[in-house]
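Chemist:
There are 4 protein chains.
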Amino acid sequence: MSSRDDTTSQRKLIDVGALASTLAEFARERDWEQFHSPKNLVMALTGEVGELAELFQWMSEDDSRNAASDARVGPAVRDELADVLVYLVRLASVLGVDLNAAVGQKLKTNAAKYPVSASKGTSKKYTEL
Amino acid sequence: MSSRDDTTSQRKLIDVGALASTLAEFARERDWEQFHSPKNLVMALTGEVGELAELFQWMSEDDSRNAASDARVGPAVRDELADVLVYLVRLASVLGVDLNAAVGQKLKTNAAKYPVSASKGTSKKYTEL
Amino acid sequence: MSSRDDTTSQRKLIDVGALASTLAEFARERDWEQFHSPKNLVMALTGEVGELAELFQWMSEDDSRNAASDARVGPAVRDELADVLVYLVRLASVLGVDLNAAVGQKLKTNAAKYPVSASKGTSKKYTEL
Amino acid sequence: MSSRDDTTSQRKLIDVGALASTLAEFARERDWEQFHSPKNLVMALTGEVGELAELFQWMSEDDSRNAASDARVGPAVRDELADVLVYLVRLASVLGVDLNAAVGQKLKTNAAKYPVSASKGTSKKYTEL
Chain A
216 MSSRDDTTSQ RKLIDVGALA STLAEFARER DWEQFHSPKN LVMALTGEVG ELAELFQWMS
276 EDDSRNAASD ARVGPAVRDE LADVLVYLVR LASVLGVDLN AAVGQKLKTN AAKYPVSASK
336 GTSKKYTEL
Chain B
216 MSSRDDTTSQ RKLIDVGALA STLAEFARER DWEQFHSPKN LVMALTGEVG ELAELFQWMS
276 EDDSRNAASD ARVGPAVRDE LADVLVYLVR LASVLGVDLN AAVGQKLKTN AAKYPVSASK
336 GTSKKYTEL
Chain C
216 MSSRDDTTSQ RKLIDVGALA STLAEFARER DWEQFHSPKN LVMALTGEVG ELAELFQWMS
276 EDDSRNAASD ARVGPAVRDE LADVLVYLVR LASVLGVDLN AAVGQKLKTN AAKYPVSASK
336 GTSKKYTEL
Chain D
216 MSSRDDTTSQ RKLIDVGALA STLAEFARER DWEQFHSPKN LVMALTGEVG ELAELFQWMS
276 EDDSRNAASD ARVGPAVRDE LADVLVYLVR LASVLGVDLN AAVGQKLKTN AAKYPVSASK
336 GTSKKYTEL
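So the protein lines, in turn, are chains A, B, C and D.
All residue numbers for the first sequence refer to my numbering, where the first residue is 216 and numbers rise by one.
All residue numbers for the second sequence refer to my numbering, where the first residue is 216 and numbers rise by one.
All residue numbers for the third sequence refer to my numbering, where the first residue is 216 and numbers rise by one.
All residue numbers for the fourth sequence refer to my numbering, where the first residue is 216 and numbers rise by one.
As structure tokens, this is what we get:
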């Protein structure tokens, strides 16, 4: 295997290291580690996803495709996506979960659950394919 | 400024590019783009966060700190974190939102809302500080 | 005013008393009161709402209108609605909140926030009317 | 069986009829029926549950038991519980689901899944009992 292949095969699906460090420092400076139990962070994540849902609740699917470029709702969408990301990364971090490894494993599972031939053009769950 | 400084200052908080590409290809192969409206993906994200919450709902905060290393619940925790990540990245992708930029902006907002002096050791919302 | 009118005017918006009692007994028999802190029940409620969202996530709005009469998804919809109701009533119960009073108060607030003249035909939030 | 027993056995677990009617009228007056598809209402329900979670996210389990009597957070707790109830009842209503029947069926299922002998003092899911 050439070194080029090596590099390619080792490219991470995601790298959230710098954000995780920044969030850890942010919490440490404020003495917030006491509040950041995984249980609490799951609730905080829930809350942010709820705020995201509120932005989309009365929108048609078609309108939702243009939500980010809408002058009124776009900034709020970016804000809430960032909030969800912040709590997801912080949660994985305090749990000691490697998100890149977890998602790599998940993609393998999903590819096995949803072979192209069976799942093409259908939104059915793998248990119903 | 040296080129090295340039590189450093440009280090991304997160890089989800490879995952976003993989998910786009996964959807395209299965003709799933028709289902992946932002509105639908927000609901899917909600569903996965709900599954995550189920894992933690009866756990004490203390037990939640060891959830990932628990033989029984650990694999499920990694699975659900990955599912949340998958839908978050896919959602940002179809919306055309740059998550790295959005979270960079958000961190600035949070730093302004929660100065260390006012927020140290308290979980109060910025509106109550 | 006759006593009959009195009775009518006092008709409750909701009456969840029998369900609340049944759930309390169910928990007591199983020694589950230790797990039923409001914090935990909020997470359980979140989990059930997540399962409900999963049923609707890939459905069009039009199809969602017929979800309950669909032979495949209908029973699951009823099941998840019941689960959400169970945790909501149990949560209010352990918190000591009178849901009928709370919703009566809320309806007054909503009527004030959304006068017919300003809110007719628009899904805008009251802060934007 | 006496007629008195008949009456007793027919007592509803819940009665949400008056609230459902009030909400239907509220929507009709404002021409909001167009927005109230089940899919949209599930998202609205999600949003309200998210707001409820936000109130409890940094609270200890012990503190959560006194949340409703807390002068600062109590009114917000009642408000959010009412919001969740409103969307749940409205959702069942537009779906044509009889919540009383659904929850009656659910209680039977739960009693079978969680016999007292097997589930006493444990928070394990029925699949693990």
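Backbone N, C-alpha and C define an ideal beta-carbon position, used for all residues, glycine too.
Please name the residue in C:F250, C:K328 and C:E276 whose C-alpha comes closest to that of D277 of chain D.
Modeler: Against the fourth sequence, residue 277 of chain D aligns to sequence position 62. For D277 of chain D, the nearest C-alpha among the options comes from C:F250.
Chemist: I need the straight-line Cα distance from V312 of chain B to G311 of chain D, nearest angstrom please.
Modeler: On the second sequence, residue 312 of chain B is found 97 positions in, with the first residue counted as 1. On the fourth sequence, residue 311 of chain D is found 96 positions in, with the first residue counted as 1. Those two C-alpha atoms are separated by around 38 Å.
Chemist: So what does DSSP say about D298 of chain C, is it helix, strand or coil?
Modeler: The sequence position of residue 298 of chain C within the third sequence is 83, counting from 1. If DSSP states are grouped into helix, strand and coil, D298 of chain C belongs with the helices.
Chemist: In this structure, does DSSP put D285 of chain A in helix, strand or coil?
Modeler: In the first sequence, residue 285 of chain A corresponds to position 70, counting from 1. In this structure, D285 of chain A counts as coil in the three-state DSSP scheme.
Chemist: Can you tell me which of the three DSSP states D246 of chain A falls into?
Modeler: Stepping through the first sequence from its first residue, residue 246 of chain A is reached at position 31. D246 of chain A: coil per DSSP, three-state reduction.
Chemist: Using beta carbons (cut-off 7 Å, strictly below), is L279 of chain A in contact with chain C?
Modeler: For the purposes of this step, residue 279 of chain A is taken as residue 64 along the first sequence, with counting starting at 1. Rather than Leu, the amino acid found at residue 279 of chain A in this sequence is Ser. Not closer than 7 Å to any Cβ of chain C, the Cβ of S279 of chain A fails to qualify, so no.
Chemist: Could you give the first and the last residue of the continuous alpha helix (DSSP H) run that contains M258 of chain A?
Modeler: To locate residue 258 of chain A, count along the first sequence from 1; it is residue 43. P253 to F271 is the extent of the alpha helix (DSSP H) around M258 of chain A.
Chemist: Any idea what DSSP makes of D313 of chain D, helix, strand or coil?
Modeler: The sequence position of residue 313 of chain D within the fourth sequence is 98, counting from 1. In the structure shown, D313 of chain D sits in coil (DSSP, three-state: anything other than H, G, I, E or B).
Chemist: Identify whether M216 of chain C lies in helix, strand or coil by the three-state DSSP scheme.
Modeler: The count along the third sequence starts at 1 and reaches residue 216 of chain C at position 1. Because M216 of chain C sits at a pLDDT of 40, beneath the cut-off of 50, its placement in the model cannot be relied upon, and the point is left open.
Chemist: Quick one: residues in its chain with C-beta nearer than 6 Å to the C-beta of V318 of chain D, no 5 flanking neighbours on either side, listed in chain order?
Modeler: The count along the fourth sequence starts at 1 and reaches residue 318 of chain D at position 103. Same-chain partners within the cutoff: L228.
Chemist: Which residues in chain A have a C-beta closer than 8 Å to the C-beta of S338 of chain C? List them in chain order.
Modeler: Taking the first residue of the third sequence as 1, we reach residue 338 of chain C at position 123. Residues of chain A passing the Cβ test: W273.
Chemist: Identify, in the order they occur along the chain, each residue of the same chain with its Cβ nearer than 8 Å to the Cβ of L296 of chain A, setting aside the five sequence neighbours on each side.
Modeler: For this step, residue 296 of chain A is matched to residue 81 along the first sequence. L267.
Chemist: When burial is assigned at 16 or more other CB atoms within 10 Å of the CB, is D230 of chain A buried or exposed?
Modeler: Residue numbering aside, residue 230 of chain A sits at position 15 when the first sequence is read from its first letter. That one is buried.
Chemist: Cβ closer than 9 Å: which chain A residues qualify as neighbours of E266 of chain B?
Modeler: Residue 266 of chain B sits at position 51 when you count from the first residue of the second sequence. The contacting residues do not exist; E266 of chain B stays about 11 Å from chain A at best.
Chemist: Can you tell me whether T342 of chain B is buried or exposed? The criterion is at least 16 other CB atoms within 10 Å of its CB, across all chains shown.
Modeler: Position 127 of the second sequence, counted from the first residue, corresponds to residue 342 of chain B. Classification of T342 of chain B: exposed, given that the 10 Å Cβ count is below 16.
Chemist: Taking all protein chains shown into account, do 16 or more other C-beta atoms lie within 10 angstroms of the C-beta of R245 of chain A, making it buried, or fewer, making it exposed?
Modeler: As a position in the first sequence, residue 245 of chain A is number 30, starting the count at 1. Classification of R245 of chain A: buried, given that the 10 Å Cβ count is 16 or more.
Chemist: Would you grab the beta carbon distance between L322 of chain D and T261 of chain C for me? Rounded to a whole angstrom, and I think it's under 8 Å.
Modeler: Counting from one through the fourth sequence, the residue named residue 322 of chain D turns up at place 107. Counting from one through the third sequence, the residue named residue 261 of chain C turns up at place 46. Wrong, their Cβ atoms sit about 21 Å apart, outside the cutoff.
Chemist: Given a threshold of 16 other Cβ atoms within 10 Å of its Cβ, counted over all protein chains shown, does S332 of chain D qualify as buried or as exposed?
Modeler: Indexing the fourth sequence from 1 puts residue 332 of chain D at position 117. The residue in question, S332 of chain D, is exposed, as its Cβ has fewer than 16 Cβ neighbours within 10 Å.
Chemist: By the criterion of Cβ-Cβ separation under 9 Å, what are the contact partners of A259 of chain D in chain A?
Modeler: On the fourth sequence, residue 259 of chain D is found 44 positions in, with the first residue counted as 1. Simply A268, E269, Q272 and W273.
Chemist: Starting from E276 of chain C and walking both ways along the alpha helix (DSSP H), at which residues does that stretch end?
Modeler: The residue given as residue 276 of chain C occupies position 61 in the third sequence. Its alpha helix (DSSP H) spans residues E276 to S279.
Chemist: Just by C-beta distance, which residues in the region 224 to 240 of chain D are closer than 7 Å to chain C?
Modeler: Residues passing the 7 Å Cβ filter: R226, K227, L228, I229, D230, V231, A233, L234 and T237.
Chemist: Are V264 of chain B and V264 of chain A closer than 7 Å when you measure CB to CB?
Modeler: Along the second sequence, one-based indexing puts residue 264 of chain B at 49. Along the first sequence, one-based indexing puts residue 264 of chain A at 49. Yes, Cβ-Cβ distance for V264 of chain B and V264 of chain A is below 7 Å.
Chemist: Can you name, in chain order, every residue of its own chain whose Cβ lies under 7 Å from the Cβ of E248 of chain B, other than the five neighbours on each side?
Modeler: Against the second sequence, residue 248 of chain B aligns to sequence position 33. Cβ within range, chain order: A242.
Chemist: Tell me whether the beta-carbon of F271 of chain B lies closer than 7 Å to the beta-carbon of S284 of chain B.
Modeler: Counting from 1 along the second sequence, the entry for residue 271 of chain B is found at position 56. Counting from 1 along the second sequence, the entry for residue 284 of chain B is found at position 69. Result no, Cβ atoms of F271 of chain B and S284 of chain B do not sit closer than 7 Å.
Chemist: Using 7 Å as the limit for Cβ to Cβ distance, is G262 of chain D near chain A?
Modeler: Walking along the fourth sequence from the start, residue 262 of chain D turns up at place 47. Yes - at least one Cβ of chain A is within 7 Å of the one on G262 of chain D.
Chemist: Within 7 Å of any Cβ in chain A, is that where the Cβ of S308 of chain B sits?
Modeler: Along the second sequence, read from residue 1 onward, the residue named residue 308 of chain B stands at position 93. Chain A contact via Cβ: absent.
Chemist: A233 of chain D to A239 of chain A, Cα distance in whole Å?
Modeler: The residue you call residue 233 of chain D lines up with position 18 of the fourth sequence. The residue you call residue 239 of chain A lines up with position 24 of the first sequence. A233 of chain D and A239 of chain A: Cα-Cα distance of roughly 50 Å.
Chemist: So is L344 of chain A in contact with chain B if we call contact Cβ pairs under 7 Å?
Modeler: Numbered from 1 along the first sequence, position 129 holds the residue referred to as residue 344 of chain A. It does not; no Cβ of chain B falls within 7 Å.
Chemist: When you compare only the Cα positions, how much space is there between P290 of chain D and A282 of chain D?
Modeler: In the fourth sequence, the residue the question calls residue 290 of chain D occupies position 75. In the fourth sequence, the residue the question calls residue 282 of chain D occupies position 67. Between P290 of chain D and A282 of chain D, the C-alpha separation is close to 9 Å.
Chemist: What are the boundary residues of the alpha helix (DSSP H) that includes V331 of chain D?
Modeler: Translated into positions along the fourth sequence, residue 331 of chain D becomes position 116. V331 of chain D -> alpha helix (DSSP H) spans V331 to S334.
Chemist: Would you kindly work out how many angstroms separate the C-alpha atoms of T222 of chain C and N315 of chain C, rounded to a whole number?
Modeler: As a first step, residue 222 of chain C must be located in the third sequence, where it is residue number 7. As a first step, residue 315 of chain C must be located in the third sequence, where it is residue number 100. With a pLDDT of 46 at T222 of chain C, under the threshold of 50, the predicted position of this residue should be treated as unreliable, and no value is reported.
Chemist: Quick one: is P330 of chain C buried, meaning 16 or more other Cβ sit within 10 Å of its Cβ, or exposed?
Modeler: As a working mapping, residue 330 of chain C is identified with position 115 in the third sequence. The residue is exposed, with fewer than 16 neighbouring Cβ atoms inside 10 Å.
Chemist: Please compile the residues from chain D whose C-beta is within a distance smaller than 9 Å of the C-beta of A286 of chain C.
Modeler: By one-based count along the third sequence, residue 286 of chain C stands at place 71. Under the 9 Å cutoff, chain D gives no residues; its nearest Cβ is about 15 Å from A286 of chain C.
Chemist: By a C-beta neighbour count over all protein chains shown, 10 Å radius and 16 as the cutoff for buried, is K339 of chain A buried or exposed?
Modeler: The residue labelled residue 339 of chain A in the question sits at position 124 within the first sequence. So K339 of chain A ends up on the exposed side.
Chemist: Does R293 of chain A have its Cβ less than 7 Å from a Cβ in chain B?
Modeler: Here residue 293 of chain A refers to the residue found at position 78 when the first sequence is read from its first residue. Closer than 7 Å: yes.
Chemist: Helix, strand or coil for T223 of chain B? Go by DSSP, reduced to three states.
Modeler: Walking along the second sequence from the start, residue 223 of chain B turns up at place 8. Note that T223 of chain B scores a pLDDT of 47, beneath 50, so its modelled location is shaky and nothing firm can be said.
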